[in-house]
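Notes to accompany the following structure.
There are 2 protein chains.
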Amino acid sequence: LNPTLYILGSNSATPTRERHPTSQILKIDNQKIMLDCGEGTQNQLLKFGIRHTGITHICISHLHGDHYFGLIGLLSTMSLSGRKDVLHLIGPPPLKEIIDLQISYGGIHLNFEIAFYPTNPEERCLVTQTKSFEIISFPLKHRIHCTGFLINELPKGRHIIKSEVEKYNIPFIYYNSLKAGSDFTSSDGTMIPNKLLTEDPSPTIQYAFCSDTIFDTEIVKYIQNVDVLYHEATFMKNQEDRANLYFHSTAEQAAIIAKMAKVGQLIIGHFSSRYENLNLLLDESKTVFENTYLAEEGNSFEITKA
Amino acid sequence: LNPTLYILGSNSATPTRERHPTSQILKIDNQKIMLDCGEGTQNQLLKFGIRHTGITHICISHLHGDHYFGLIGLLSTMSLSGRKDVLHLIGPPPLKEIIDLQISYGGIHLNFEIAFYPTNPEERCLVTQTKSFEIISFPLKHRIHCTGFLINELPKGRHIIKSEVEKYNIPFIYYNSLKAGSDFTSSDGTMIPNKLLTEDPSPTIQYAFCSDTIFDTEIVKYIQNVDVLYHEATFMKNQEDRANLYFHSTAEQAAIIAKMAKVGQLIIGHFSSRYENLNLLLDESKTVFENTYLAEEGNSFEITKA
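Line by line, the protein sequences give chains A and B.
Take 51 as the starting number for the first sequence in the working numbering and just add one per residue.
Take 51 as the starting number for the second sequence in the working numbering and just add one per residue.
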């Protein structure tokens, strides 16, 4: 199963009747990483039938409301639903204070632990690493402390060929050593070479998330060659002055970054409410970087090696 | 135009696919008073076509998330929409700190002033008074600092009979004195008595909002004879122990309060997600207090003198 990205919302600033603020879920190896969590994200999860139970990590890029006002509600719901597993929360340092204050005055007892990792807006940092992936934060240029996130899938064990291991009656307890590349020796001394029993794992993927940023070629070095890049595209080219003023990007600028970084695929989002027809933004981006897609809520993208 | 109550949400604790947390709008004389503001309230306003521009007062009963997590998002949207008018915010004292913290770390400049009125959980207090209504808070017994709100419409001027004032060619500038009960004397000295030109205004109404409370007959004295009472009814009678444990009420208990207080009409809400068929709660309440209605989101109630 390849990693899959689910778009829960991608509107900028304020919600509209049809569009919700930024939130995404990246599912890798049965773990779910949430990227930003605008107001109503828990409703979007319900709407699209994505359970919050498997969310292990939540990454918040910055403290503008359209990127995190849904977090406290989601945490409350997780607790009321009986969550016991630790939640890894990654975001700007004051995020912890804001959450703690609301929990404290609400007289709430969270049933699970929050492991908080404050982001550093000054440099690229490895935030955390699991068996399956690592999360790296990197600086984005926005009006306040803001970071992007790079998620690198980590090397996986070799892929076991089910029919072959069954043919040789290899017990389950040997699977891990097969995945690590070992040959198998049966009780009668016969050696079955690993290459008969396993095949190369699917290649690891890289996903980069650039939530809110002015056009900034400095970020190219952090996202070089990623398989999929999400980059905000709040405005069209004819609003470039406005984009600069508010530290946002145009669809063309997102495409230029994608091209410079030689990414496999570009997904644009964080659309200004002024655009009813998002294909205008898509077309503008495609003129510079053909392999562009829209982060429309409800869409999902299987992420494969570019 | 009679005052009208709009239900935006009435589910307890966590949202479901179909039901949102507590929020209501009471519209009196073109001013809108919001009562509680759970997450996603601004989306509910959009959904039901109610503009946030006329909201002059927001009353927050207590700091459990399902009653206020939508407030910061609504305030942000009001500011981004260019609001300039002061907003009167009424709620537990820490609410101001929570809002200020999020505004400050978000680098947000609100374009309008918030006039904050901290509630007192110990006794009945007149919070604020406008030309058309007054807002009174009163203690509710819940797990944390919690108040109900009583909204009293204030005496209105006499109702001008349009056809009559036109018949006598009475200039607009005299309308206020007619409303106050004065007779009219024309330039030729003819006196037209007020009773020919005006009629009695519609009677003033009283609405009481009891968001979250254990069954508590102490509140009866605060809500005596109101025209419409909203009272939470989280559970059914067979979950009365659970209701007590969490400081909530059953549908039967809400009806007992309504009956004791001799109110005109009862609206129940704050339904536990366990109830798919809300008519079970309605029927339970009706056995004690016949004139009961469900606070289902999207419903509106014209409030008239009982």
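Using N, Cα and C, we set each Cβ at its ideal position, and we do this for glycine too.
Note that the structure is a prediction, hence the values are computed from the model and not measured.
Out of the options, which has the shortest C-alpha to C-alpha gap to residue i?
| i | options | result |
| --- | --- | --- |
| F265(A) | A345(A), R292(A), Q152(A), T337(A) | R292(A) |
| Y225(A) | N288(A), R208(A), T300(A) | R208(A) |
| S252(A) | Y218(A), F351(A), S62(A), I210(A) | I210(A) |
| E68(A) | N80(A), L76(A), E268(A), G90(A) | G90(A) |
| Y257(A) | M241(A), F339(A), A165(A), K77(A) | K77(A) |
| T300(B) | V276(B), H281(B), Q315(B) | H281(B) |
| S111(B) | N93(B), N170(B), V278(B), D238(B) | N170(B) |
| F188(A) | L200(A), S335(A), N93(A) | L200(A) |
| E14(B) | M241(B), L130(B), I122(B) | With chain B represented from 51 up to 356, any question about residue 14(B) goes unanswered, as that position is not in the structure. |
| H424(A) | H117(A), P53(A), I108(A), L176(A) | Beyond the ends of chain A as shown, which are 51 and 356, falls residue 424(A); an answer cannot be given. |
| L130(A) | P142(B), G59(B), I57(B), H114(B) | H114(B) |
| Q152(A) | L145(B), G156(B), T72(B), V338(B) | L145(B) |
| F183(B) | S60(B), N341(B), A230(B), P205(B) | P205(B) |
| S73(A) | G59(A), K82(A), A308(A), N80(A) | G59(A) |
| D86(B) | P168(B), C109(B), T342(B), H159(B) | C109(B) |
| N61(A) | F351(A), N275(A), K355(A), L328(A) | L328(A) |
| Q179(B) | T235(B), H138(B), K309(B) | H138(B) |
| M286(B) | G239(B), S323(B), A311(B), K271(B) | S323(B) |
| G314(B) | M84(B), E334(B), F339(B), L332(B) | F339(B) |
| L96(B) | L96(A), T106(A), T64(A) | T64(A) |
| Y56(A) | L246(A), D79(A), S232(A), M84(A) | M84(A) |
| K336(B) | H195(B), I307(B), Y155(B), G120(B) | I307(B) |
Helix, strand or coil: how does DSSP classify residue i here?
| i | result |
| --- | --- |
| P71(A) | strand |
| G418(A) | One cannot answer for residue 418(A) here, as it falls past the ends of chain A, which runs 51 to 356. |
| H117(A) | helix |
| I100(B) | coil |
| E302(B) | helix |
| I149(B) | helix |
| D250(B) | coil |
| E367(A) | Outside the shown range of chain A (51 to 356) lies residue 367(A), about which nothing can therefore be said. |
| N61(A) | strand |
| D79(A) | coil |
| D135(A) | coil |
| Y325(A) | coil |
| T91(B) | helix |
| I307(A) | helix |
| Y364(B) | Here chain B has residues from 51 to 356 only, and residue 364(B) is not among them. |
| L55(B) | strand |
Would you call residue i buried or exposed, if buried means 16 or more other Cβ atoms sit within 10 Å of its Cβ?
| i | result |
| --- | --- |
| F268(A) | In the sequence as displayed, the identity of residue 268(A) is Glu instead of Phe. Classification for E268(A): exposed. |
| T284(B) | buried |
| L295(A) | exposed |
| N93(A) | buried |
| F259(B) | buried |
| E347(A) | buried |
| S227(A) | exposed |
| S237(A) | exposed |
| T103(B) | exposed |
| I243(B) | Looking at the sequence itself, residue 243(B) is Pro, so the reference to Ile does not match. Classification of P243(B): exposed, given that the 10 Å Cβ count is below 16. |
| L176(B) | exposed |
| A361(B) | Nothing can be reported for residue 361(B): it is not among the residues displayed for chain B, which extend from 51 to 356. |
| V278(A) | buried |
| K82(B) | buried |
| E302(A) | buried |
| M128(B) | buried |
| T248(A) | buried |
| I223(A) | exposed |
| M241(A) | exposed |
| T263(A) | buried |
| V276(A) | buried |
| T235(B) | exposed |
| E352(A) | exposed |
If we cut at 7 Å on Cβ distances, does residue i have a partner in chain D?
| i | result |
| --- | --- |
| Y325(A) | In the structure shown, chain D does not exist; the protein chains are A and B. |
Report the residue ranges of all beta strand (DSSP E) runs contained in full by the region 192 to 248 of chain A; include only those spanning at least 3 residues, in chain order. 197 to 203
Quick one: complete alpha helix (DSSP H) runs, 4+ long, within the region 263 to 288 of chain B? 270 to 273
Any contact of the region 214 to 230 of chain B with the region 312 to 323 of chain B, i.e. 3+ C-beta pairs under 8 Å? no
Within the region 161 to 194 of chain A, note down every full beta strand (DSSP E) run reaching 3 residues or more, in order along the chain. 164 to 168, 175 to 179, 183 to 189
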